[in-house]
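K.L.:
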Amino acid sequence: MAKVLGKPIKRKEDPKLITGHGQFTDDIKLPGMLFAAMKRSGMAHAKIKTINTDQALNHPGVVAVYTGKDVQDKIKPIRSIWLVPGCDLIPKDRVPLAVDKVNYAGEAVAMVIAESRYAARDALDLIEVEYEELPAVVHQEAALEESAPIIYEDVPQNIAFTWKAGEVPEEVFANAEVVVNQRLVEQRVIANPMETRGAVAQYNPGSGDLTIWCTTQNPHIHRMTYADALGVPETKLRIIAPDMGGGFGAKIAVYTEEAVVALAAMELKQPVKWIEDRQEHFLATSHARDQVITTELAGTKDGKILAVRAKNITNLGAYLSTMGAGVPTIDFGLMITGAYDIPHAAAETIGVYTNTTPTDAYRGAGKPEASFQIERIINLYADKIGMDPIEVRKKNLVAKVPYTNAMGCNYDSGDYHGTLAKALETIDYAALRKEQEDARKNGRLLGIGISTYVELCGLGPSKVAGAIGFGGGLWENSTIRVHPSGKVTVFTGASPHGQGEGTTFAQVVAEKFGIPVEDIELVSGDTLMISMGWGTYGSRTTPVAGGALAIAADRIVEKAKLIAAHELEVAVDDLDFSDGVFSVKGQPEKQRTFKEIAWSANNAWNLPDGMEPALEGQCFFDPPDFVYPFGAHICVVEVDPDTGVLELKRYVSVDDVGRIINPMIVEGQVHGGLAQGIGQALWEQSVYSDKGQLLSGTFMDYTMPKAKFFPEFESSFVESPSPVNQLGAKGVGETGTTAAPSAIVNAVMDALAPFGVKDLEMPLTPEKVWRAIHDGRKG
């Protein structure tokens, strides 16, 4: 059988999806199903004086209406699961429905249950809510001012926490030849998967079993949280994540709506469905980024970086979301030195509550922000000392791995200089600079941007998870079941939802067993089928769940080999195993196929003494460390000086994501990440009015990247297997979002250099760029 690992085979998942045969949450139809709709606050900060639901209850088709007071004693607030220690954290949990006060526009204050979706939606307009409006604050820096409105009486200055890590001796900056500092803004963005959030809840009053189908990236974490909130034993609560139209981090968070829907199903003893519309998604599903970072770099005149320190003021929104405290602290702070050998580093993050939608993870989650600040400050440093930014990077890139950065992270494998060299060769950097020089003479504004990034991925070591306040382990569970026919079912505790593990995991098992990929099926996203797992995020599925899968497969091969040796009446050491066949060394005609051994193991007619029947392997893999994908991205932009319109002319990426299982899927992951990273740099932004009204709550106001906006991406890869897991995988899903924003902004600043422009806040809209050119000309 041909080897399949490392081959670009087509995705097994796609036929059902592209032919309309997938099953998403909204496709689930149950007898007697009712429909839920949420009444949301139109004010960002207000006391609730009264809620009158009488007219809504009398509306035809309405079965029930719930308010905050109806559910406050039945559902506990939804807690964050990442309570970072040592930072005086004051967590504010999400209440199921607002009771006395609303804290952001879009917060749910009531829920209607009706016989049709239309009746439920119409009844929302009949609910009368009387508010007493309070002053609102939406920007984190404004929320820290003495005169700012206080959202919670027990949270002085609206500060949820102050986290610090690392240390830089004062004399390093005091004695440095060059010091550069810059205020950098990571604007608020919103993940917009094709499928919005939704839930279907069904309760069996006879058995007490509660099943929730919902759009989640981590079903077991949802089960753990909702079991606590609803007072339902985990043994009676089943969470199922059906096919899902994207997540991008927004479906990591555990929300309140699903819990209220479940309560209604339990009380009404009928299934209840709630599907978020797109406007609700903009208002109520977690936002992301929204960090103001001031970075300071100390270096020498000849380009050697001595230290970096970053202060991050992060907007948490109105409540502490599931991963809300961890993203701007651990995920951001530990990676502020990037891919560079910087001896000293320190990070400080101040988490601030505001009257906005809570923020949480979004593709990359803290690492893009960390990469952005170091990549931007290095370019500003290069400009100050008059050195090419490429040369500064060459002087400071990590030279040898394994390497421990100044914050204690252990970079695992790879040649950091090698990826940069390959990217420079691909784009022909010297010729490109000459082209830029000639273009400027003719009034054209070409810019070249570089990003040499590294990111912390494969969220895994459970001891580390405990130490940093994560409310669970980060090991992963994989079980492989070989049926009597030799067909295989793989069960994983990860919850892939578009990343392609239905194919790549099948490739791993097919390679191990020497059987066709078509003989292997993946089961995931069901807490009844899989004992435990910690979900899909942080590029952890292949390094951690895939690592477990590889070990479980090896255990099956070991057992199968014992059975084959027993049947062939030879010692185990006398057997070879290749391409699905166990054969006797020197006598290849004496053999057993993997399929034959599967039959033998499951029938158990002739097994070695003491051996248990069946052919099944399981592994609970707790990796010893994280993994660190890295790479070099270079892009070319051209700016129209009369309009500020940008054209992205080329984008070259060279990434080391460890061992590649399927090049086609890996390249697709990079391209998707690039689209989102470039989208943040150039178009996407969530905007609030000073009163907390979301001004970018539709696709007419929130610009999403489109395929026509991009050139053909020039992607290539270098493979240096990670020693952290058996597969050597590092993760790939977040490379593009980590590298692209800084590469794009660096390119635009390079194009605008003749006008003295040093920095602009993302997104770099044509108006913003034109104004910078206009002001530069006047200056």
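Following our numbering, the residues of the sequence shown are numbered contiguously, the last one being 798.
The beta-carbon is built from N, C-alpha and C at its ideal position, and this holds for glycine as well.
Quantities reported herein were computed from a predicted structural model and do not represent experimental measurements.
Mind listing, in chain order, the continuous alpha helix (DSSP H) runs of no fewer than 4 residues lying wholly within the segment 357-413?
P.N.:
Whole alpha helix (DSSP H) segments, 4+ residues: 386-404.
K.L.:
At the level of alpha carbons, what is the spacing between Phe-601 and Glu-588?
P.N.:
One C-alpha to the other measures close to 13 angstroms.
K.L.:
Using DSSP with H/G/I as helix, E/B as strand and the rest coil, what is Ile-271?
P.N.:
Reduced to three states, the DSSP call for Ile-271 is coil.
K.L.:
Note down the Cα distance separating Gly-488 from Thr-348, rounded to an integer number of angstroms.
P.N.:
Near 11 angstroms, if we compare the C-alpha coordinates of Thr-348 and Gly-488.
K.L.:
If we ignore side chains and look at the alpha-carbon of each, how far apart do Ile-570 and Asn-71 end up?
P.N.:
C-alpha separation (whole angstroms): 59 angstroms.
K.L.:
Which one of Glu-134, Val-90, Ile-294 has the shortest CA to CA distance from Val-115?
P.N.:
Here the sequence assigns Pro to residue 115, which means Val is not the residue at that position. If we check each option's Cα against that of Pro-115, Val-90 comes out closest.
K.L.:
Leaving out five residues on either side along the sequence, give the residues of the same chain with a beta carbon under 6 angstroms from the beta carbon of Lys-183.
P.N.:
Excluding positions up to five away in sequence, the list reads Glu-367.
K.L.:
Could you check whether Val-311 and Val-417 sit closer than 9 angstroms to each other, using their CB atoms as the reference points?
P.N.:
Going by C-beta atoms, Val-417 is not nearer than 9 angstroms to Val-311.
K.L.:
Return the residue from the list Pro-724, His-793, Val-279 that minimises the CA-CA distance to Leu-701.
P.N.:
Here the closest residue by C-alpha is Pro-724.
K.L.:
Roughly how many whole angstroms lie between the Cα atoms of Pro-773 and Ala-759?
P.N.:
Cα-Cα distance, rounded: 23 angstroms.
K.L.:
Give the list of continuous beta strand (DSSP E) stretches no shorter than 3 residues that lie fully inside the segment 705-783.
P.N.:
Here the runs fully enclosed are 733-736.
K.L.:
Do the segment 216-234 and the segment 349-366 make contact, defined as three or more Cβ pairs closer than 8 angstroms?
P.N.:
The segment 216-234 is not in contact with the segment 349-366.
K.L.:
DSSP on Arg-452, reduced to helix/strand/coil?
P.N.:
DSSP places Arg-452 in helix when its eight states are reduced to three.
K.L.:
Mind checking Met-285: buried by the 16 CB within 10 Å criterion, or exposed?
P.N.:
Looking at its Cβ environment, which holds 16 or more other Cβ atoms inside 10 Å, Met-285 is buried.
K.L.:
Count the other CB atoms within 10 Å of the CB of His-40; is the residue buried (16 or more) or exposed (fewer)?
P.N.:
The residue in question, His-40, is exposed, as its Cβ has fewer than 16 Cβ neighbours within 10 Å.
K.L.:
What are the start and end residues of the beta strand (DSSP E) that includes Pro-607?
P.N.:
Where Pro-607 is concerned, the enclosing beta strand (DSSP E) stretches over 606-612.
K.L.:
Does the beta-carbon of Arg-559 have 16 or more other beta-carbons within 10 angstroms, so that it is buried, or is it exposed?
P.N.:
That one is buried.
K.L.:
What do you get for His-239, buried or exposed, if any count of 16 or more other CB atoms within 10 angstroms of its CB means buried?
P.N.:
By the neighbour-count rule (16 or more Cβ atoms within 10 Å), His-239 is buried.
K.L.:
Are Arg-382 and Gly-268 closer than 9 angstroms when you measure CB to CB?
P.N.:
Closer than 9 angstroms, so yes.
K.L.:
For the beta strand (DSSP E) that contains Phe-301, what are its first and last residues?
P.N.:
Counting along the chain, Phe-301 falls outside any beta strand (DSSP E), though it belongs to the alpha helix (DSSP H) covering 297-303.
K.L.:
Nearest CA to the CA of Pro-648: which residue from Glu-134, Ala-307, Cys-428, Glu-733?
P.N.:
The shortest C-alpha separation from Pro-648 is found at Cys-428.
K.L.:
Once you ignore the five residues that flank Asp-545 on each side, which residues in its own chain have a CB closer than 6 angstroms to its CB?
P.N.:
So the qualifying residues of the chain are Ile-259.
K.L.:
Pick out whichever of Ile-616, Met-768, Ala-564 has its Cα sitting closest to the Cα of Asp-402.
P.N.:
Of Ile-616, Met-768, Ala-564, the residue nearest in Cα terms is Met-768.
K.L.:
Can Asp-112 and Ile-97 be called in contact, C-beta distance under 9 angstroms?
P.N.:
Closer than 9 angstroms, so yes.
K.L.:
Quick check on Thr-717: buried or exposed, where buried means 16 or more other Cβ atoms within 10 Å of its Cβ?
P.N.:
Per the 10 Å Cβ criterion, exposed.
K.L.:
Got a sec, what are the start and stop residues for the beta strand (DSSP E) Arg-328 sits in?
P.N.:
Run containing Arg-328: 324-336, per the beta strand (DSSP E) assignment.
K.L.:
CB-CB under 7 angstroms to Lys-668, same chain, minus the five flanking residues each way: which ones, in chain order?
P.N.:
Around Lys-668: Val-655, Val-656, Glu-657, Pro-730.
K.L.:
Which partner residues of Phe-596 appear in the DSSP bridge assignment?
P.N.:
According to DSSP, which records beta bridges pairwise, Phe-596 is partnered with Phe-601.
K.L.:
Indicate whether Pro-740 and Arg-678 have their beta-carbon atoms separated by less than 9 angstroms.
P.N.:
Their beta carbons are under 9 angstroms apart, which means Pro-740 touches Arg-678 by this criterion.
K.L.:
Less than 6 angstroms between C-beta atoms, sequence neighbours within five positions excluded: which residues of the same chain meet that for Glu-152?
P.N.:
Same-chain partners within the cutoff: Met-62, Ala-65.
K.L.:
From the DSSP secondary-structure annotation, give me the bridge partner or partners of Lys-292.
P.N.:
BP columns for Lys-292 point to Phe-54, Val-219.
K.L.:
With H, G and I counted as helix, E and B as strand and the rest as coil, what does DSSP make of Gly-87?
P.N.:
Gly-87 falls in the helix class under three-state DSSP.
K.L.:
Does DSSP classify Gln-206 as helix, strand or coil?
P.N.:
Looking at Gln-206 - three-state DSSP - the assignment turns out to be strand.
K.L.:
What did DSSP end up calling Trp-553 once you bin it into helix, strand or coil?
P.N.:
Here Trp-553 sits in coil by DSSP.
K.L.:
In angstroms with no decimal places, state the Cα-to-Cα distance between Leu-713 and Met-243.
P.N.:
Distance between the alpha carbons of Leu-713 and Met-243: 32 angstroms.
K.L.:
CA-CA distance, Val-501 and Glu-635?
P.N.:
Roughly 6 angstroms between the two C-alpha positions.
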